[in-house]
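**Student:**
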Amino acid sequence: MHIILHQPEIPANTGNIGRTCVATGTALHLIEPLGFHLDEKSIRRAGMDYWHQLDVTRYTNFQEFQEKHPGVRIWMATTKARRCYTEVEFGPDDYIMFGKESAGIPEELLVEHEESCIRIPMLPDIRSLNLSNSVAIVLYEALRQQGFAGLQEQGALHRLNWEK
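So the number in my numbering is just where the residue sits in the sequence shown, counting from 1, plus 7.
(1) Mapping the DSSP letters down to three states, classify residue 25 as helix, strand or coil.
(2) Pull the bridge partners of residue 13 from the DSSP assignment, please.
(3) Just curious, the beta strand (DSSP E) that residue 102 is in, first and last residue?
(4) Using only alpha-carbon positions, find the residue among 9, 116, 56 that is nearest to residue 63.
(5) Residue 162 to residue 154, Cα distance in whole Å?
(6) Since residue 65 is in the beta strand (DSSP E), which residue starts that stretch and which ends it?
(7) To the nearest whole angstrom, what separates the beta carbons of residue 80 and residue 101, a pair I think is in contact under 8 Å?
(8) Alpha carbon to alpha carbon, how far is residue 167 from residue 57?
(9) Determine the DSSP secondary structure at residue 127, reduced to helix, strand or coil.
(10) If I follow the unbroken alpha helix (DSSP H) through residue 144, where does it start and stop?
(11) How about residue 198 and residue 145: are their beta carbons less than 8 Å apart?
(12) Please say whether residue 136 and residue 127 have beta carbons closer to each other than 8 Å?
(13) If I measure Cβ to Cβ from residue 96 and keep anything under 7 Å in the same chain, skipping five residues before and after, which residues do I get?
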């Protein structure tokens with residue numbers, strides 16, 4: 008799986024998303040401009056000591072991303088979509104794109120990709136969820152649909168053992 012952040016603004020969100028990507032073996036694609044520098048403490052703090060393990064690629068704009076990844080399937084997460092994220096079938100090589108915290112994905116991109124726009128249901132008077140929470144919600148649904156392939160099935164306790 009792949010996560011695309013289009014012009015993210017808040018370093019802590021990107022750090023949290025990076026940590027989620029490392030935990031799930033998901034690549035992270037950052038489309039500039041970024042609202043921060045990748046070496047900021049807040050990114051490292053949110054990503055903890057996992058950031059160096061992250062498969063992350065930067066692009067100067069969405070056009071460069073498309074040129075480097077022609078023909079990939081991109082799901083665009085937006086509060087404006089007609090379809091819920093649980094109504095689509097995610098593939099293991101799909102990309103899920105999220106927009107910047109203050110404005111989302113530009114509407115010019117949304118109308119060009121109307122059939123691949125998805126949303127997370129919420130009450131009508133709520134503008135949006137936190138970006139890192141939204142990524143986690145949609146990414147884990149996509150991974151669930153793939154049977155959580157390659158992910159640890161059961162965790163172990165630190166000091167004690169589970170009863171058999």
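Beta carbons: idealized from backbone N, C-alpha and C, even for Gly.
**Tutor:** In this structure, then:
(1) Locating residue 25 in the sequence shown gives position 18, where the first residue counts as 1. It is helical.
(2) As a first step, residue 13 is located in the sequence shown; it is residue number 6 there, counting from the start. Residue 13 is bridged by DSSP to 38.
(3) Translated into the one-based positions of the sequence shown, residue 102 becomes position 95. Annotation: the continuous beta strand (DSSP E) that includes residue 102 extends over 102-105.
(4) Counted from its first residue, the sequence shown places residue 63 at position 56. If we check each option's Cα against that of residue 63, 9 comes out closest.
(5) On the sequence shown, position 155 is the one that residue 162 refers to. On the sequence shown, position 147 is the one that residue 154 refers to. Here the alpha carbons of residue 154 and residue 162 stand approximately 17 Å from one another.
(6) For the purposes of this step, residue 65 is identified with residue 58 of the sequence shown, where counting begins at 1. Looking at the DSSP string, the run of the beta strand (DSSP E) that includes residue 65 is 63-66.
(7) As a working mapping, residue 80 is identified with position 73 in the sequence shown. As a working mapping, residue 101 is identified with position 94 in the sequence shown. 5 Å between Cβ atoms; contact.
(8) Start at 1 with the first residue of the sequence shown, and residue 167 comes out as number 160. Start at 1 with the first residue of the sequence shown, and residue 57 comes out as number 50. Looking at the two C-alpha atoms, the distance is approximately 26 Å.
(9) Sequence index remark: in the sequence shown, residue 127 carries index 120 (1-based). Residue state, collapsed to three classes: coil.
(10) Position 137 of the sequence shown, counted from the start, is the residue given in the question as residue 144. For residue 144, the enclosing alpha helix (DSSP H) has its first and last residue at 138-152.
(11) What is shown of the chain runs 8 to 171, which leaves residue 198 out entirely.
(12) For the purposes of this step, residue 127 is taken as the residue at position 120 of the sequence shown. For the purposes of this step, residue 136 is taken as the residue at position 129 of the sequence shown. Between residue 127 and residue 136, the gap from beta carbon to beta carbon is short of 8 Å.
(13) What you label residue 96 is simply residue 89 of the sequence shown in a count that begins at 1. Annotation for residue 96: 152 place their beta carbon closer than 7 Å to its own, counting only its chain and skipping 5 residues before and after.
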